[in-house]
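Residue numbers (numbering that gives the first Met the number 0): 0 to 198.
Ideal Cβ placement from N, Cα and C applies to all residues, glycine included.
Quick caveat, the model's predicted, so the values are computed rather than measured.
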Amino acid sequence: MKRLGILLSGRGSNFEAIADQVAAGRLDATIAVVISNRPEARGLDLARERGLIAVPLSAKGLDREAYDRLLVEELHKHAVDLVCLAGFMRLLSANFVRAFPQRILNIHPSLLPSFPGLDAQQQALEHGVKITGCTVHLVDEYLDAGPIILQAAVPVEDDDTVESLSARILAQEHRIYSEAIRIMLSGSFRIDGRRVKLR
Ligand code: GAR
């Protein structure tokens, strides 16, 4: 059975959605470890409540390389096959990415390459786009930049606020993240430049 390592920084709703799919037997994987750079993250409590291994790993006083080495060590210790960033609000170093070649996924609340970085839903509202959404992509050392696995579109309504739009996007995030993990674990894809082709 493939082993997932979840990295998160906060609320942990994407982690919960993945854990629900695993628990229901709809995702043929096990969650080997949940790690957070924020020791107070709600996602860590949720992991503990589910009886999973939850590891607080603060970056305080460490530079990026040193911190990422710790992260890799922790993930290797738990024999993780696939790393899933689920609201993990840190950029990963090239060395981290090299430790898990094409084995790191991220979810982002916009249709990339539009609106990378922080506050993607607010960026979409401010720009006035009529359609936004979410993206699951492979992670490279650049911000929100690797090859795209799945996207879901979400229409922007005239009366949307950041909160209402974020909530509708989040429902789609919860759906496509597990689907993308399923694709990765099945190996039924090939990567052709930036294009991830499903087969
Ligand atoms: C999600 O909306 C995720 O797409 C976003 O943070 C939120 C985490 O929520 N990630 C990014 O913006 C990464 N650039 P969650 O902790 O409830 O899963």
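Residue j beta carbon less than 9 angstroms from that of residue i
i, j, result
"Q121", "I168", "no"
"R63", "S109", "no"
"V96", "E140", "yes"
"L111", "A152", "no"
"R49", "A31", "no"
"I106", "Y176", "yes"
"M88", "G9", "yes"
"V195", "L137", "yes"
"G86", "G132", "no"
Local conformation of residue i per DSSP, three classes
i, result
"H77", "coil"
"A263", "What the structure shows of the chain is the stretch from 0 to 198, and residue 263 is not part of that stretch, so it cannot be assessed."
"A58", "coil"
"Q150", "strand"
"S35", "strand"
"G132", "strand"
"L7", "strand"
"V82", "strand"
"R189", "strand"
"V195", "strand"
"R174", "helix"
"I103", "strand"
"A65", "helix"
"I203", "Lying outside 0 to 198, the shown extent of the chain, residue 203 is not represented and no answer is given."
"R25", "coil"
"R2", "strand"
Spatially closest choice to residue i from the options, by CA coordinates
i, options, result
"V128", "T134, P115, I103, P154", "P154"
"L117", "H126, V138, L142, E39", "L142"
"I190", "I147, Q171, E156, A28", "I147"
"K59", "N36, E48, R68, L43", "N36"
"L74", "L26, A166, A53, G4", "G4"
"D44", "R181, E15, T131", "E15"
"S185", "A123, N13, D67, A28", "A28"
"I26", "R89, I17, D80", "First, the amino acid is wrong: residue 26 is Leu here, not Ile. For the residues R89, I17, D80, the minimum Cα distance to L26 belongs to I17."
"F99", "A85, E125, F114, D80", "D80"
"H126", "Y66, V161, A85", "V161"
"V82", "L6, L61, A170", "L6"
"L124", "D157, R194, L90, Q101", "D157"
Residue i Cβ short of 8 angstroms to the ligand NAP heavy atom set
i, result
"L7", "For the ligand NAP, the structure offers nothing, since it holds only the ligand GAR."
Cβ distance (whole Å) where residue i is taken to contact residue j below 8 angstroms
i, j, result
"E178", "L197", "Wrong, their Cβ atoms sit about 11 angstroms apart, outside the cutoff."
Below-9 angstroms beta-carbon distance, residue i vs any chain C residue
i, result
"E178", "The structure shown contains no chain C, having only a single protein chain."
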